[in-house]
Amino acid sequence: MIQLRNIRKTYGKHSVLNGINITVEKGDVIAILGPSGSGKTTLLRCINFLEHPNEGEITIGEVAVDCKHASKKDVLALRRKTAMVFQHYNLFKHKTVLQNVMEGLTVVQKMPAEEAREISLLMLAKVGLTHKADSYPSQLSGGQQQRVGIARALALNPEVILFDEPTSSLDPELVGEVLTVIQNIAQEGVTMIVVTHEMGFARDISNHIVFMEEGRIIEEGKPQDIFNAPKEERTKQFFKRFTNEWSYSI
Amino acid sequence: MGKSFDIGLILDFIPKLLGYVHVTFLILAGAILIGIVIGFLVALPRLYRIPVLAQIAAVYVSFIRGTPILIQLFLIYYGLPELLKLVSIDISQWSSMFFVIVTYGLSIGGLFSEVIRAAVTSVERGQTEAAYSIGMSPFVAFIRIVLPQSFAIALPNLANLIIAYMKDTSLAFSIGVMDMTGRGQTLGTTTSHFLEVYISLAVIYYLVCILLESIFSRMEKRVSRYERKFG
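The listed protein sequences derive, respectively, from chains U and C. Mapping the first sequence onto full-length UniProt numbering, position 171 (from 1) lands on 171, and the numbers just tick up by one. Mapping the second sequence onto full-length UniProt numbering, position 140 (from 1) lands on 140, and the numbers just tick up by one.
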């Protein structure tokens, strides 16, 4: 189980997160939605301390960290419970696809190379890229690179995978293949927190939606409730445009 | 003026001078080793914006860039023993080779630091974040992810600096190191065929230069193989 309690983050005088509380159960897929600048990516990056929250408490499994007094050891412990998929893939460019996926297993988890290799090939099979195992990232399309990013995260077998706008920098043509892969692993029961602008995807994949604006959670609940019957005025306004588009496309 | 020009002497001089080529390589190798250490020591405070140290590093680089290597050589040759005298260490009798290697190391290190700095910053921050996200410590992430890529990026510039300094080792004889140029001086004095000596030296330095260039270009191909689109 993952618990975020009263997470606060400020840059100088500018407050980005104003006390966020979220609970995630095992197997949950949480989608965080909201307009640009609402703090959703910052929140995600606070969970693995790529951003240092000023205040609050993060609990993942048996690791509980008081953000204000987090030590280097706490930070490493949180990072070893999580994995992240980035908007810009952030693959290790000097390593092959297989080495990218193996890196965390051999270097961080100290797994023997043979075992790590087996697991990594399995993960590459899941994202449909076994045939690219020996290619370098520069030889892949954006969609393929992102699928490697997903395999790299999956291989670590983390408590939760954090997706930071995983399709935002992809060509529209390549979005589908990445979303399909994410959907497949969601069905396997992997716990996920997904920040995305793909509304239809968020609705289909998640069992809980969090709508944020200006560093606050405005509304949260089941996808069908948030999309079809939002309570808050701001949420209605935000989803109206989307539901309109949706009805046109049908 | 020397005696009349005799082209045949060049073939005679080249092997004699080549007998000292190892001195050039020794100075260069020592300077590169010291230079890499100095390069990192000077680059790190500026990369991590450590106050005071970063400013000292900037002044150091600016001084190395702004003064001739010959002057730096004399400053170390005469200055270092004086400085160490203050803490009662006597190195005035040490071989001039030592002073040459120290000078070239300090000098090339200052310029290395700029190349290292540029190369390290050019590896996207995102890759470091990805390394952190899979649980690597900052040190391991630097060694395994940033450093290998910085090296590939830095190599062409490092190679240029090394080749430039190889040529500058010809100044070492001015504090009495017997290298190819030093030997050439004595050869010129005893035979009075200075032009033939300098033509021979030019040929040798040029060949060494080409040798280094081909070694570096092979290394570059090897370390940057991951950048090729189709391979």
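Positions of the beta carbon are idealized from the N, C-alpha and C atoms, including for glycine.
Taking only three categories from DSSP, how would you classify residue i?
i: N207/U; result: coil
i: F5/C; result: coil
i: A186/U; result: helix
i: V179/U; result: It is Leu, not Val, that sits at residue 179/U in the sequence shown. L179/U: helix per DSSP, three-state reduction.
i: N48/U; result: coil
i: T169/C; result: helix
i: P235/U; result: It should be noted that the sequence gives Thr, not Pro, for residue 235/U. T235/U falls in the helix class under three-state DSSP.
i: T106/U; result: helix
i: V127/U; result: coil
i: T41/U; result: helix
i: V146/C; result: helix
i: V24/U; result: strand
i: Y226/C; result: helix
i: N228/U; result: helix
i: K13/U; result: coil
i: N160/C; result: helix
i: L155/C; result: helix
i: R46/C; result: helix
i: residue 279/U; result: A query on residue 279/U cannot be resolved here, the shown segment of chain U reaching from 1 to 250 and no further.
i: P172/U; result: helix
i: E118/U; result: helix
i: V97/U; result: helix
i: residue 280/U; result: Outside the shown range of chain U (1 to 250) lies residue 280/U, about which nothing can therefore be said.
i: V52/C; result: coil
i: E198/U; result: coil
Could you tell me which residues DSSP puts in a beta bridge with residue i?
i: N18/U; result: R8/U
i: G110/C; result: According to DSSP, which records beta bridges pairwise, G110/C is partnered with nothing at all.
i: G221/U; result: I209/U
i: E57/U; result: R5/U and D66/U
i: L162/U; result: M84/U and I193/U
i: I38/C; result: BP columns for I38/C are empty, so no partner.
i: V21/C; result: In the DSSP output, where bridge partners are listed per residue, V21/C has none listed.
i: L33/U; result: F211/U
i: R216/U; result: E213/U
Could you check the C-alpha separation between residue i and residue j for me, to the nearest Å?
i: Q145/U; j: L124/U; result: 11 Å
i: G27/U; j: E165/U; result: 20 Å
i: I218/U; j: E55/U; result: 20 Å
i: K85/C; j: L155/C; result: 39 Å
i: E196/C; j: D6/C; result: 7 Å
i: N68/U; j: A29/C; result: Rather than Asn, the amino acid found at residue 68/U in this sequence is Lys. Cα to Cα, K68/U sits roughly 49 Å from A29/C.
i: Y78/C; j: T191/C; result: 32 Å
i: P158/U; j: V107/U; result: 15 Å
i: L75/C; j: I91/C; result: 15 Å
i: R152/U; j: N157/C; result: 33 Å
i: F163/U; j: S113/C; result: 37 Å
i: T181/C; j: G35/C; result: 23 Å
i: Y60/C; j: S141/U; result: 45 Å
i: K16/C; j: L9/C; result: 11 Å
i: Q99/U; j: S62/C; result: 41 Å
i: I215/C; j: G109/C; result: 21 Å
i: K236/U; j: R45/U; result: 27 Å
i: F230/C; j: R65/C; result: Because F230/C carries a pLDDT of 49, less than 50, the predicted location of this residue cannot be relied on, and the following value inherits that uncertainty. Near 40 Å, if we compare the C-alpha coordinates of R65/C and F230/C.
i: S45/C; j: I116/C; result: Note on residue identity: the sequence assigns Pro, not Ser, to residue 45/C. The alpha-carbon atoms of P45/C and I116/C are separated by roughly 12 Å.
i: F238/U; j: G39/U; result: 16 Å
i: L187/C; j: S200/C; result: 11 Å
i: I101/C; j: F139/C; result: 31 Å
i: I163/C; j: T189/C; result: 29 Å
i: I58/U; j: S133/C; result: 16 Å
i: V210/U; j: Q3/U; result: 14 Å
i: S137/C; j: L41/C; result: 21 Å
i: F151/C; j: A119/C; result: 7 Å
i: F98/C; j: L26/C; result: 11 Å
i: P68/C; j: S107/C; result: 10 Å
i: G184/C; j: N160/C; result: 26 Å
i: T82/U; j: G189/U; result: 15 Å
The region 81 to 100 of chain U in contact with the region 125 to 141 of chain C per 3-pair CB rule at 8 Å: Cβ pair count under 8 Å is three or more, so yes.
So does the region 43 to 54 of chain U actually touch the region 128 to 144 of chain U, counting three or more Cβ pairs closer than 8 Å? Counting Cβ pairs under 8 Å, fewer than three are found: no touch.
Whether or not the region 99 to 115 of chain U and the region 131 to 146 of chain C are in contact is what I'm after, with contact meaning three or more pairs of Cβ atoms, one per stretch, closer than 8 Å; do they touch? Under the 8 Å Cβ criterion, the region 131 to 146 of chain C counts as touching the region 99 to 115 of chain U, having at least three qualifying pairs.
Kindly provide the ranges of any alpha helix (DSSP H) runs that are 4 or more residues long and lie completely inside the region 69 to 141 of chain C, ordered along the chain. Listed in chain order, they are 69 to 85, 96 to 121, 125 to 133 and 138 to 141.
Contiguous alpha helix (DSSP H) assignments of at least 4 residues, all confined to the region 172 to 214 of chain C: Taken in chain order, the complete alpha helix (DSSP H) segments of 4 residues or longer contained in the region 172 to 214 of chain C are 180 to 191.
Tell me whether the region 205 to 215 of chain U and the region 2 to 20 of chain U touch, counting them as touching only if at least three CB pairs, one residue from each stretch, are closer than 8 Å. Here the region 205 to 215 of chain U makes contact with the region 2 to 20 of chain U; the two share three or more CB pairs at distances below 8 Å.
Flag this pair as touching only if the region 229 to 243 of chain U and the region 158 to 170 of chain C have three or more C-beta atom pairs under 8 Å; answer yes or no. No, the region 229 to 243 of chain U does not touch the region 158 to 170 of chain C.
Evaluate contact between the region 111 to 124 of chain U and the region 193 to 208 of chain U, counting only Cβ atoms and requiring at least three cross-stretch pairs below 8 Å. With the cut-off at 8 Å, the region 111 to 124 of chain U and the region 193 to 208 of chain U do not touch.
At a cut of 8 Å, does the region 72 to 85 of chain U reach the region 14 to 31 of chain U through at least three beta carbon pairs? Short answer: they don't touch.
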